[in-house]
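Residue numbers (the working numbering), protein chains in the order written: chain A, 985 to 1097; chain B, 41 to 151.
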């Protein structure tokens, strides 16, 4: 069962434009969401997170939006840079006592110079 | 900047052999985790560890798996009798009270 879904396996964006990566979830118990970036042969690197009490969190070029009613979140990167090319994982956690972090399958972002 | 380290970076083993994957979490972190990623699939939770005991484990983490914190710095994952399907990247992670920080991973290849 895919509790966290990233339906786009890949995305190509021109340098300088906005990258929008999407994530949907099915478990209404999830209340904390994270985005990780992963380069080949490296571990996931934490990017940004959002708690379910918020609908937006911004950190520099990265903004995460959460729509709880739609069970949808998105990561916006603006402006996109070639160094942003990586696989981006959406992850979710339930605060109700679970230590598990559930990952999506990832979206491979390619930023074209 | 402190980071999670893992050794070895690549481990090749024969089916049925025991392997131990090692991790050094960030020093002031209290929660420790193992995840794995089979090639082409998503990152999957294996086990969490807090206060010297397993807090939670997934159905993947069966009797063939065990974890240990043998001293104040290392956190190990042991697979007693490896199977072909154990071939994957294994990631260790740790956290204090915020997001998990992941290590670079150990690529396990079971032949």
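For each residue, glycine too, the CB sits at the ideal point set by N, CA and C.
Per DSSP, residue 129 of chain B is one residue of the beta strand (DSSP E) stretching across 128–135. The beta-carbon of residue 992 of chain A is placed no less than 8 Å from the nearest beta-carbon of chain B.
For residue 1042 of chain A, no chain B residue has a C-beta closer than 8 Å to its own C-beta; the minimum C-beta separation is roughly 16 Å.
For residue 125 of chain B, the three-state secondary structure derived from DSSP is helix.
Residue 1068 of chain A sits in a helix when the DSSP states are folded into three classes. The C-beta of residue 1025 of chain A has fewer than 16 other C-beta atoms within 10 Å across all chains shown, which makes the residue exposed. Assignment of residue 1010 of chain A by DSSP, reduced to helix, strand and coil, places it in the coil class.
Between residue 114 of chain B and the set B:51, B:57, B:41 and B:74, the nearest pair of CA atoms involves B:74. Interface annotation, residue 139 of chain B: in contact with chain A, CB-CB separation under 8 Å. Using a Cβ-Cβ distance cut-off of 8 Å, the stretch 1052–1072 of chain A and the stretch 988–1000 of chain A are in contact, since at least three pairs of beta carbons, one from each stretch, lie closer than that value.
Its chain contains 116 as the residues whose beta carbon lies nearer than 7 Å to that of residue 110 of chain B, once the 5 sequence neighbours on both sides are disregarded; these appear in chain order. Here residue 49 of chain B carries a coil assignment [DSSP, helix/strand/coil].
In chain order, 59, 122, 148, 149, 150 and 151 place their CB closer than 8 Å to the CB of residue 53 of chain B, counting only its own chain and leaving out the 5 sequence neighbours on each side. If the five residues before and after residue 95 of chain B are omitted, its C-beta is found closer than 7 Å to the C-beta atoms of 88 and 89, all from its own chain and listed in chain order. Taking each of A:1083, A:1095, A:1084 and A:1071 in turn and checking the Cα distance to residue 1020 of chain A, the smallest one comes out for A:1071. Residue-level contact check: residue 1084 of chain A touches chain B, since one or more beta carbons of chain B fall below 8 Å from its beta carbon. Comparing alpha-carbon positions, the option among A:1093, A:1002 and A:1006 lying closest to residue 1051 of chain A turns out to be A:1006.
A contact is defined here as three or more CB-CB pairs under 8 Å, and the stretch 127–140 of chain B meets this definition with respect to the stretch 75–85 of chain B. The C-beta separation of residue 69 of chain B from residue 135 of chain B comes to about 6 Å, placing the pair in contact by the 8 Å criterion.
Residue burial is scored here from C-beta neighbours: residue 1097 of chain A has fewer than 16 other C-beta atoms within 10 angstroms and is therefore classed as exposed.
In terms of beta-carbon proximity, residue 1079 of chain A stays away from the interface with chain B, with every pair separated by 8 Å or more. Boundaries of the beta strand (DSSP E) harbouring residue 1094 of chain A: 1091–1096, taken from the DSSP string.
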